[in-house]
Amino acid sequence: MENKLIVSPSPHVHSGDSIEKNMYHVLIALIPAFLIALYVFRLEALVITVCSVLFCVGFEYLIVKYIMKKKPTVLDGSAIITGVLLAFNVPSNLPIWILALGCLFAIGVVKLSFGGLGNNIFNPAIAGRIFLLISFPAQMTTWPVTAVAEATDAVSSATVLGNIKYAPEILPSLQQMFLGFEAGSLGEMSVIAILLGLIYLLWKRVITWHIPFSIFATVAIFTGIIYIFNPIPLYNPLIHIFSGGLMLGAVFMATDYVTSPMTKKGMIIYGCGIGFVTVAIRLWGAYPEGVSFAILLMNAFTPLINNYTSPKRFGEVVKNG
Amino acid sequence: MLKTFRIGGIHPKENKISAGKAIQKIDIPEQVIIPLSQHIGAPCQPIVKKGDKVKVGTQIGKSVGYVSANIHSPVSGTVQKIDTALDSSGYKRDAVFIKTEGDEWEDTIDRSNNIKREFNLSSEEILEKISKAGIVGMGGATFPTHVKLTPPPGTKAEVLIINGVECEPYLTSDHALMLEKTEEILVGTTIVMKALKVDKAIIGIENNKKDAISRFRELIKSYPNISVEELKVQYPQGGEKQLIDSLIRRQVPSGSLPISVGAVVQNVGSIYAIYEAVQKNKPLVERVVTVTGKDVKLPMNILARVGIPLSNLIEKAGGLPETTGKIVSGGPMMGKAIASVEIPVTKGTSGILIIPTLEAKRKAMRDCIRCSKCISVCPMGLNPTLLMNLTEYEVWDRAETNHITDCIECGSCSYTCPSNRPLLDYIKLGKGRVNTIIRARKN
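Keeping their order, the protein sequence lines are chains A and B.
The first sequence begins at 20 in the numbering used here and counts up one residue at a time.
The second sequence begins at -1 in the numbering used here and counts up one residue at a time.
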């Protein structure tokens, strides 16, 4: 007995937290948005999501095992999240072979060539989506008329942001956008579903409020100021927050641990940067939507932000309170 | 809202399974081993030799140097030898071996149980008594108390803070002491207030010890200058700097002592020892030790003489469980894993925690996923994952500018990490190196 005692430095207890727990919490938080996608796009949503997850997990397994020659890590949940998020970012009628290319790029190039989970610079799902958007612009921006829209006699299959500049008279109501029955990519449309996910992630302390709320606040203030002077839908802050990939991006993609800053100050700078770039692209850019580009750009700034922000130290500011 | 500190913190499972258990006595074995270094600072010089007869309370070690503390015999008997013995750090250090004969105490010690409330001593006389009695910080740091109660020139204490937090999971020795020696602790507090010439004292207790809080509140009416504050259960609430922040909303600056914000902190165990030293002339020769663990048959609090092997205490608590994987001297967050149960109880032994094999092993380390949870929980506002990397790559200048020396080694970072990264192991290494570099630069 005596000589079998384990001797190791303190602490001698652990919280039991793990990479898996965090990843599976994120997956649970994605369920409401997935249910809305199923309701709106029916079987197509299921097929795209399942295929995307299978491709991501499959590519990761094969590359890690046969090219990197390490023990496959697919069950940590991160490849599943990439698969789901990429699926949520494409139209429901995207050809499967295009989707497979996106998954290969996201997992093979963006994630594993940097060394896998924890070492990648860019969010794999975001980079995968942008790769597809640039390579297959037509397929990536043709949205089907949704089953719900048909039933409710909706007129257009262009997205809100697609119409906002040129056809503001046919925008859906804010209510419709809040529920998520407008046209758009698979899982990005329902504000309420994503908000439920956000509440879950905050409750489980997977993420903190800093990134999503600084994005919302920046977008709202930036567009709000213009809206005061020129109150047309193009500048309506609520439409901007409710539309496109902003909710999904702010809650699930910008908050990716690996590619976002680590200090609270840094998170706020990063969130404001994303909000600012998003609005700039939406209002003055060639693309109707800018969230993915904004996140990708701020991903690139993350190491710099980490370098120049440090946590608030004990005894640094306050002496007497 | 309960009071708490403003940066970081965690809430590990409390597991106070020995809470509310009365303090038990334990038989003195035939031989005791008294290490000559039971405190931070210079080890004692032995002042007895082989064959000398000693009583309980006879001084056997003399403090040398400013930061050091006397050591007294906890038993009566004959000195067998002065030799090296294993201590909790795993090193062999000088110790006095005494063969026990009866239980005869020095005549000067008042062994009655009466509470003696009055004292008529000057500040200097009190400090002299504390110094003679060899009292050290009993929360675990074992810093000599008389040194701590002598503020450096140019500084002035404004408030005395009594640490009854006991934020380490499992441990209940301070809790037991607060329940059974409530008034003695209040008298001790008054004594230390006199020594420090302060007119205000606050006792901070986490609100998982409601019985202790209410017991103090009952008795405190006759001690108008002492108040009791209920604190949120949050680790490391009992960290000196954290406790000061919680209670008086002042943050001790980096590299400074609590006195720089006018505070002096004392653990309740030390306060009780001070009461006994000043009012009963009793040196520090025994302390309350919690013996606990999930598979321990009879988790309990034991009043044990210094020098008794830990194995005797474990035996009293029902013996070593079959499942034992690790034995920790102290609490699970900051305690030391020990290699042998034959090491003796010392002034700083607050508990013996027996951890089952299943929980004793660390999980494999994985890549950092930059979740930044270590940063969120660090009570000193440091960046543990950065400090670990800087230590790994030996970037000492950046480790220093990122304040590695501020680390209080509470372990919240390693506890929290979802990738099981040994953050604190590295930070301790780096902190040691950086401190060496700083010292070399000063010389």
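For each residue, glycine too, the CB sits at the ideal point set by N, CA and C.
Residue nearest to residue 147 of chain B within the set B:137, B:163, B:167, B:126 is B:126 (criterion: CA-CA distance). Distance between residue 143 of chain A and residue 35 of chain B, taken at the CA atoms: about 56 Å. Listed in chain order, the non-local C-beta contacts of residue 375 of chain B below 7 Å within the same chain comprise 6, 7, 8, 410, 411, 414, local neighbours out to five positions each way being set aside. With a threshold of 8 Å between beta carbons, residue 332 of chain A makes contact with chain B. Residue 153 of chain B is classed as exposed because its beta carbon has fewer than 16 other beta carbons within 10 Å across all chains shown. Secondary-structure assignment with DSSP links residue 33 of chain B through a beta bridge to B:93. Burial is judged here by how many other beta carbons sit within 10 angstroms of a residue's own beta carbon; residue 120 of chain B has fewer than 16 and is exposed. Within chain B, 323, 324, 335, 358, 359 have C-beta atoms less than 7 Å from the C-beta of residue 25 of chain A, given in sequence order.
Of the residues assessed, residue 162 of chain A falls on the buried side of the cut-off, its CB having 16 or more other CB atoms within 10 angstroms. Positions of the alpha helix (DSSP H) runs, each at least 4 residues long and wholly inside the region 272 to 333 of chain A, are given as 283 to 303, 310 to 327 in order along the chain.
Taking a C-beta distance under 8 Å as the contact criterion, residue 330 of chain A and residue 373 of chain B qualify as a contact pair. Restricting attention to A:145, A:95, A:137, the CA atom closest to the CA of residue 311 of chain A is found in A:145. Under the three-pair Cβ rule at 8 Å, the region 229 to 242 of chain A counts as touching the region 290 to 308 of chain A.
Apart from sequence neighbours up to five positions away, the residues of its chain that approach residue 433 of chain B with a beta-carbon distance below 8 Å are 403, ordered along the chain. Residues of chain A whose Cβ lies closer than 7 Å to the Cβ of residue 366 of chain B are, in chain order, 137. Partner residues in the beta bridge of residue 327 of chain B, as assigned by DSSP, are B:334, B:350.
At a cut-off of 8 Å between C-beta atoms, residue 204 of chain A does not count as an interface residue with respect to chain B. Contact check for residue 227 of chain B against residue 255 of chain B fails: the beta carbons are separated by 8 Å or more. Of the residues assessed, residue 94 of chain A falls on the exposed side of the cut-off, its CB having fewer than 16 other CB atoms within 10 angstroms. Close to residue 40 of chain A, with beta-carbon spacing below 8 Å, are these residues of chain B in chain order: 416. With fewer than 16 other Cβ atoms from the protein chains shown falling within 10 Å of its own Cβ, residue 395 of chain B counts as exposed. Out of B:405, B:78, B:88, the CA that lies nearest to the CA of residue 240 of chain B is found in B:405.
In this structure, the straight-line span from the alpha carbon of residue 228 of chain A to that of residue 46 of chain A is close to 18 Å. Taking all protein chains in view, the Cβ of residue 124 of chain A is crowded by 16 or more other Cβ atoms within 10 Å, so the residue is classified as buried. With a threshold of 8 Å between beta carbons, residue 34 of chain A makes contact with chain B.
For residue 145 of chain B, the three-state secondary structure derived from DSSP is helix.
Interface flag for residue 229 of chain A against chain B is unset, since no Cβ pair is found closer than 8 Å. Residues of the region 231 to 259 of chain B whose Cβ lies closer than 7 Å to any Cβ of chain A, in chain order: 239, 247, 248, 249, 250, 251, 252, 259.
In this structure, residue 363 of chain B places its C-beta atom within 8 Å of the C-beta atom of residue 420 of chain B. Three or more beta-carbon pairs separated by less than 8 Å are not found between the region 347 to 359 of chain B and the region 378 to 386 of chain B, which leaves the two stretches without contact. At least one CB of chain A lies nearer than 8 Å to the CB of residue 10 of chain B.
In this structure, the alpha-carbon of residue 119 of chain A lies about 7 Å from that of residue 71 of chain A. When Cβ-Cβ separations below 8 Å define contact, residue 30 of chain A makes contact with chain B. Beta-bridge pairing by DSSP links residue 84 of chain B to B:90. Think of a sphere of 8 Å around the beta carbon of residue 277 of chain A: the chain B residues whose beta carbon falls inside it are 367, 368, in chain order. In this structure, B:398 is the residue among B:441, B:398, B:417 with its C-alpha nearest to the C-alpha of residue 431 of chain B.
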